[in-house]
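S.K.: Below: one structure in structure tokens.
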Amino acid sequence: MHSVVCIKQVPDSAQIRVHPVTNTIMRQGVPAIINPYDLFALEEALRLKDRFGGTVTVITMGPPQAEVALRKCLSFGADHAILVSDRAFAGADTLATSFALSAAIGKVREDQPVDLIFTGKQTIDGDTAQVGPGIAKRLDYQLLTYVSKIVDIDFGKKEITVERRAEGGVQLLKTAVPCLITMLEGTNEMRFGDMADMFRAARYPLKVWDRVAAGIEDVAKIGLKGSPTVVGKVFAPKPRSQRAEMIEVHDNDPQDLVVTLLAKVFTRHPKIEAEIIKCAS
Amino acid sequence: MSDSNDAPRKPARKKVELDPRFLSYKHVWVYIEAERGEVHPVSWELLGEGRKLADQLGVDLVGVVLGPPEARTRAICEEAFHFGANRCYLVQHDALRDYRNEPYTKCLTELVDTYQPEILMLGATTLGRDLAGSVATTLATGLVADCTELVIEAESRCLASTRPTFGGSLLCTIMTQRHRPQMATVRPRVMAMPDADASRRGEVIEHAFSIVETSIITKILQFIPDDTRDKPNLPFADIIVAGGRGLKKPENFQLVWDLAKVLGAEVGASRPVVQAGWAELDRQVGQSGKTVRPKLYIAAGISGAVQHRVGMDGADVIIAINNDSNAPIFDFAHYGIVGNAMQILPALTEAFRKHLAQARKAG
Amino acid sequence: MAYKIVSSQCSGCSACEPECPNDAIHEKNGVFAIKADKCTECIGFFDDPQCVVACPVDKTVIVDKSVPRYQA
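So the protein lines, in turn, are chains A, L and F. Take the first sequence: its position 167, counting from 1, is numbered 166 in numbering that gives the first Met the number 0, and each next residue is one higher. Take the second sequence: its position 233, counting from 1, is numbered 232 in numbering that gives the first Met the number 0, and each next residue is one higher. Take the third sequence: its position 40, counting from 1, is numbered 39 in numbering that gives the first Met the number 0, and each next residue is one higher.
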């Protein structure tokens, strides 16, 4: 069984610092991490490899520094890694990205058929959750999003059964292999790589593909030219006009603090009091 | 040759023209998400938002309803008129009974190619995200997800979609200038719920959709509804009491439950405590959790990092309790108490209980 | 004087890079930057600085006042 896992290296948004004076984000020195949602996809692929055998290939589209993320995946146990990197991809939105990744996976498929493609639910920096569906559409794979559990795979009949998170419930679905799966967060936990994998990861001869190697001729489909969306403005959210009204009492006794607080809230927001009485009954 | 030291003229930016293929694309569409005959409220919120955009553009607001051939499916169109839609495209087919990506994508793209909207909005639910991603790719058009603000840019008549980026520390406005439809998804509870006017009527246009069930590969074997008894419904809760790392130990999270019980409130949590297993994933409030819009939000031991803020700063009244006076949450809360949450929470529970007892006696 | 790109607002879309007649624009950790000493404000080439015209993001390519005006 051959699984391809798409990952993305993203800035760690928890570490982003906004410059106190200019209110602009300080992009330098923000550590890059593997998109957290993608780790659930990688772990699921590795578990299937443990269960059914086969290989796991990780692929990413990004700048040369994205190599670090790929080597991390190798250290977890992925077998192969491909970095798709080219100046022509600069400025790509999710549509152009899904085009480039589909072409690259199409190339991978030529030397080894791909049974399953995994992507994370979304990225923390882009969040459009569009790359997974985009790749499935272009490679004509069945699409299963928000998968919480892979129940069974029947390689004979080329069928897969999964549980998928839907609104208000879980769908038990059966579809054909090959298919593309986006994994719901929290469904598994990333394993620790063992020493052998870590050494192998450090020495692995990474495949780096440019546009041509990834089988992309039509330059109008990638990068800025292939992107219907364009960022028109970037700005810091305007902080609320004034700070919270701080409740202070002389000796800060919890009882007095709370009584003062409730008095202020109930007098200024009578609707809140009515709401609480309604909810509490 | 160069003039002295005044700044050079502000050059106008290159004007991006709409691709002529899309000149005929008109009207604002909202996909009305319904499963098992029940409409997801985010669809009504989007009709409220869509009404504003349609009025700014001087065009119609159109609802799109897909579902099985039953009276309930048609009745949803009537409800859409109550929330402001002028027209509804209705597609009834057995293959559309339960949501599956393939038939729904094929149907929605067929409707778009046939009736050509300039804007298409969907709720950012598991269904909406799945469908929007596939439809946008099939149409090769632009999609902006989790928008927090939608405005029509006057001179270009383009949809300016604003959304958080870098975890919410920045906002960016994204446009689809050359392609149509301009697609956008919005999370539940981000836009206000409009008032329904039952006197409003509209035109239902039925569209015949031809697809053969045997051609659809994915089959639904079973649907296991959530046991909603104890399932938290944070997005639609009116009062929320949320706890964060400032509570120090999982046992102290019980203090949050005690207060919530007295108030009849839902219990929320910040991401760190959900990851530490103090509370379930469905209780996580924030950018990677739920977006909430309660009337009262009490935050205990939550620092108020931007990833949390984007999920709850729509609350009417925010009370923050934290032992660090310069915790970011005090920059956007309405009322703040600097103190030990493990003492303040029980005191608050007691005070509310007393107040409610008097109110009931008096009421 | 020259033009500069506000790095926190640059989306890295590379629209400006091919437009610069002096090849003064290059990529730097995911965003683009202008080499001030190579920037001639497009004087002698175009009426308007091409990077400002090409940049889709508002107020992102701005005048770098810290550098003296370009003298032909």
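All C-beta atoms, glycine included, are put in the ideal place defined by N, C-alpha and C.
1. For L:W28, which residues does DSSP report across the bridge?
2. Whole beta strand (DSSP E) runs in the region 104–186 of chain L with 3 or more residues, listed along the chain?
3. How many whole angstroms separate the CB atoms of L:V240 and L:I297, which I take to be in contact at a CB cut-off of 8 Å?
4. Is the beta carbon of L:L142 less than 8 Å from the beta carbon of L:M182?
5. For A:I134, which residues in the same chain have their Cβ closer than 8 Å to its Cβ, ignoring the five residues on either side in sequence?
6. Count the other CB atoms within 10 Å of the CB of L:D2; is the residue buried (16 or more) or exposed (fewer)?
7. Measure the CB-CB distance between L:L45 and L:C106 and report whether it falls below 8 Å.
8. How is L:G83 classed by DSSP in three states: helix, strand or coil?
9. Would F:A1 pass as a contact of F:C38 if the rule is Cβ separation under 8 Å?
10. Can we say the region 178–196 of chain L touches the region 148–164 of chain L, given the rule of at least three CB pairs closer than 8 Å?
11. With distance defined between alpha-carbon atoms, name the residue in L:V63, L:G313 and L:Q91 nearest to L:D237.
12. Rounding to the nearest angstrom, what Cα-Cα distance links L:T136 and A:R137 in this structure?
13. Using a C-beta to C-beta distance shorter than 9 Å, which residues of chain F count as neighbours of A:L69?
14. What residue does the alpha helix (DSSP H) around A:E109 start on, and which one ends it?
15. For the region 87–101 of chain A, list every residue whose C-beta sits within 8 Å of some C-beta in chain F, in sequence order.
16. Check whether the Cβ atoms of L:V337 and L:N321 sit closer than 8 Å, and answer yes or no.
17. Please decide whether A:V230 counts as near chain F, where near means a Cβ-Cβ distance under 8 Å.
18. Name the DSSP beta bridge partners of L:N321, please?
19. In whole angstroms, what separates the C-alpha of L:L347 from that of A:Q241?
20. Count the other C-beta atoms from every protein chain shown that fall within 10 angstroms of the C-beta of L:N4, then say buried if there are 16 or more, exposed otherwise.
21. In three-state DSSP terms, what is F:V56?
22. So if I threshold CB-CB distances at 9 Å, which residues from the region 54–83 of chain L count as touching chain A?
23. How long is the line joining the alpha carbons of A:K71 and A:V146, rounded to whole angstroms?
24. Please confirm whether L:I318 and L:A340 have their CB atoms less than 8 Å apart.
25. When the Cα of L:R308 is compared with those of L:S324, L:Q286, L:A299 and L:N325, which residue comes out closest?
26. Rounded to a whole number of angstroms, what is the C-alpha to C-alpha distance between L:G36 and L:S133?
27. Determine the direct distance from the alpha carbon of L:L344 to that of A:E272, and round the result to whole angstroms.
28. Since A:Q8 and A:T59 should fall inside the 8 Å C-beta cutoff, what is the C-beta to C-beta distance between them, to a whole number of angstroms?
29. Which residues, taken in chain order from the region 142–153 of chain A, show a beta carbon closer than 9 Å to some beta carbon of chain L?
30. Starting from A:P281, trace the alpha helix (DSSP H) both ways and give me its first and last residue.
31. Mind listing the chain L neighbours of F:D47? Cutoff is C-beta to C-beta under 7 Å, in chain order.
32. Under 8 Å between C-beta atoms, does L:K248 make it to chain A?
33. Have a look at A:D196 and A:Y203 and give me their C-alpha separation to the nearest angstrom.
34. Tell whether a beta-carbon distance below 8 Å holds between L:G245 and A:M245.
M.R.: Taking the definition as stated:
1. L:V61 and L:L119
2. 118–122, 148–152, 157–164, 169–175 and 181–185
3. 5 Å
4. Yes.
5. Cβ-Cβ distances below 8 Å link A:I134 to C5, S97, L100, S101, I104, I116, T118, Y140 and L179 in the same chain, with the five nearest sequence neighbours on each side left out; the list follows chain order.
6. Note that L:D2 scores a pLDDT of 44, beneath 50, so its modelled location is shaky; the value from the coordinates is reported in the next line. Under this definition L:D2 is an exposed residue.
7. no
8. coil
9. yes
10. yes
11. Scanning L:V63, L:G313 and L:Q91 for the CA closest to the CA of L:D237 turns up L:G313.
12. 8 Å
13. Listed along the chain, the chain F residues whose CB falls inside 9 Å of the CB of A:L69 amount to none; the nearest CB is some 17 Å away.
14. T93 to D110
15. A89 and G90
16. yes
17. yes
18. L:V337
19. 25 Å
20. Bear in mind that the predicted position of L:N4 carries a pLDDT of just 49, short of 50, making it unreliable; the figure below should be weighed with that in mind. So L:N4 counts as exposed.
21. coil
22. none
23. 24 Å
24. no
25. L:Q286
26. So the alpha carbons of these two residues sit roughly 23 Å apart.
27. 18 Å
28. 7 Å
29. L142, L143, T144 and Y145
30. Past the boundaries of the shown model lies residue 281 of chain A; chain A is included only from 0 to 280, so the question cannot be answered.
31. Near F:D47 (Cβ distances below 7 Å), the residues of chain L are P10.
32. no
33. Cα atoms of A:D196 and A:Y203: separation of roughly 10 Å, rounded to the nearest angstrom.
34. no
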